[in-house]
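I have placed the structure first, in the form of structure tokens, so that the comments after it can refer back to it.
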Amino acid sequence: MKSGKKLLSLLMAALMLMSCFACLTFAASAKNAPDSKVKVTFEYNGGTGLTSSKTVTVGEPYGTLPSPTKYGYDFNGWWINSFRDEITKDTIVREEEDHTLYAHWKGKLVTIKFDPNGGSVNPNTKDVRYGDAYGSLPTPTRGDYTFLGWYTAKIGGSLIDSGTTVNVLSTQTLYARWQEKSVLTPTIVIKNYTETKKIDYRTTITFTAQTTNAPSGSEVHWFVDGKDTATGNQFTKKDAKSSFTVQAKLMLGKTTLATSMTENVKVNSGIFARIAAFFRSIFGSLPKVTQGFFDPVVFVDQCK
Numbered sequence: 004m005k006s007g008k009k010l011l012s013l014l015m016a017a018l019m020l021m022s023c024f025a026c027l028t029f030a031a032s033a034k035n036a037p038d039s040k041v042k043v044t045f046e047y048n049g050g051t052g053l054t055s056s057k058t059v060t061v062g063e064p065y066g067t068l069p070s071p072t073k074y075g076y077d078f079n080g081w082w083i084n085s086f087r088d089e090i091t092k093d094t095i096v097r098e099e100e101d102h103t104l105y106a107h108w109k110g111k112l113v114t115i116k117f118d119p120n121g122g123s124v125n126p127n128t129k130d131v132r133y134g135d136a137y138g139s140l141p142t143p144t145r146g147d148y149t150f151l152g153w154y155t156a157k158i159g160g161s162l163i164d165s166g167t168t169v170n171v172l173s174t175q176t177l178y179a180r181w182q183e184k185s186v187l188t189p190t191i192v193i194k195n196y197t198e199t200k201k202i203d204y205r206t207t208i209t210f211t212a213q214t215t216n217a218p219s220g221s222e223v224h225w226f227v228d229g230k231d232t233a234t235g236n237q238f239t240k241k242d243a244k245s246s247f248t249v250q251a252k253l254m255l256g257k258t259t260l261a262t263s264m265t266e267n268v269k270v271n272s273g274i275f276a277r278i279a280a281f282f283r284s285i286f287g288s289l290p291k292v293t294q295g296f297f298d299p300v301v302f303v304d305q306c307k
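In structure tokens form, the structure reads like this:
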């Protein structure tokens with residue numbers, strides 16, 4: 004009798020285990036079932052389209068996908084996970100959760116023609132993409148002339164350099180701009196130039212540039228310790244604490260037309276110069292000393 008009960012208990016336990024295993028298997032198969040549905044959202048990345056999302060079936064192709072448009076660009080396909088994998092209508096859906104497809108774009112090709120405007124240039128054309136930078140541009144040559152840059156018109160127009168963004172969709176002609184060397188040679192100097200200036204600690208000093216034959220559109224750039232720091236005919240260095248160099252350059256766009264001598268400015272930054280600067284910042288000037296002795300009356304008068 005006891006052995007029969009024991010056998011019955013074992014059979015029931017076995018049935019329970021088999022039932023649990025069957026439930027787990029069914030749940031797993033249901034999760035991976037080919038008819039599982041997920042939502043796909045379309046991110047147009049600046050473009051436009053008619054569909055914002057669609058429902059797809061895991062294990063089956065994505066099917067028809069939107070064909071978006073974007074001004075100046077050609078559509079370059081749908082990508083998943085920020086351009087990791089390209090997705091087409093025939094791609095099998097592997098993602099088991101809702102996910103996003105991202106539109107990929109490529110700027111339309113534009114042909115750029117280079118008009119040397121009396122000079123010579125090679126190559127004379129280049130293909131660029133809308134929305135990208137022009138990149139490297141050829142340098143034309145012309146005897147007795149200085150090349151000033153590429154412009155969108157023979158007279159006036161805008162300067163185009165390697166970093167300019169392409170914003171045209173049709174063939175564009177760029178014109179070389181020249182300046183005759185023998186007639187209008189620009190010059191630039193720093194007024195009252197001295198090879199080495201000496202100033203006190205925390206002094207403010209102003210430099211003035213003088214130019215001749217500066218072409219229209221040119222500008223004075225101030226280079227401090229070799230770095231392009233400011234523009235304009237004057238440059239003020241405030242509260243100088245250490246020695247530095249300053250040079251003026253006359254520039255048209257990114258082309259340097261003339262350069263001045265480099266002025267070396269020595270700043271007296273010793274301990275006594277620093278103390279003097281501290282008192283100047285408080286009192287405006289230092290108290291006078293008569294015959295080597297400090298005069299408190301004079302000091303008070305100066306501090307008023």
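The C-terminal residue of the sequence shown carries number 307 in our numbering, and the numbering is unbroken. C-beta atoms are modelled at their ideal positions from N, C-alpha and C, and glycine is treated no differently.
Extent of the continuous beta strand (DSSP E) run through residue i
| i | result |
| --- | --- |
| residue 97 | Residue 97 -> no beta strand (DSSP E), and no H or E assigned at all. |
| residue 56 | 56-60 |
| residue 205 | Taken as a continuous stretch (DSSP letters only), residue 205 belongs to no beta strand (DSSP E), as it is neither H nor E. |
| residue 261 | 258-262 |
| residue 149 | 148-154 |
| residue 323 | Residue 323 lies beyond the residue range present for the chain, which begins at 4 and ends at 307; the question has no answer from this structure. |
Bridge partners - residue i, DSSP secondary structure assignment
| i | result |
| --- | --- |
| residue 224 | 234, 252 |
| residue 178 | 118, 154 |
| residue 190 | 215 |
| residue 162 | 154 |
Helix, strand or coil at residue i according to DSSP, with G and I counted as helix
| i | result |
| --- | --- |
| residue 277 | helix |
| residue 198 | coil |
| residue 145 | coil |
| residue 242 | strand |
| residue 40 | strand |
| residue 168 | strand |
| residue 35 | Confidence is the limiting factor: at residue 35 the pLDDT is only 45, short of 50, which leaves the residue's position unreliable and the question unanswerable from this model. |
| residue 45 | strand |
| residue 50 | coil |
message: Closer than 8 Å is the cut-off here; do at least three beta carbon pairs connect the segment 98-114 with the segment 131-138?
response: yes
- prompt: Unbroken beta strand (DSSP E) runs of length 3 or more, entirely within the segment 64-142: which are they?
  reply: Runs of the beta strand (DSSP E) spanning 3 or more residues and lying entirely within the segment 64-142 occur at 76-83, 88-90, 102-110, 112-118, 128-132, in chain order.
field: Cβ contact check for the segment 166-180 and the segment 235-249: 3 or more pairs under 8 Å
entry: no
The segment 190-206 in contact with the segment 258-275 per 3-pair CB rule at 8 Å: The segment 190-206 makes contact with the segment 258-275, as at least three CB pairs between them are under 8 Å.
message: So, does the segment 61-76 touch the segment 117-130, judging by three or more C-beta pairs under 8 Å?
response: Per the Cβ contact rule, the segment 61-76 is not in contact with the segment 117-130 (fewer than 3 Cβ pairs under 8 Å).
- request: Mind the definition here: the segment 90-107 touches the segment 143-157 only if three or more C-beta pairs lie below 8 Å; say whether that holds.
  value: no
message: So, does the segment 52-62 touch the segment 74-83, judging by three or more C-beta pairs under 8 Å?
response: Segment contact: the segment 52-62 against the segment 74-83, fewer than three CB-CB distances shorter than 8 Å; contact not assigned.
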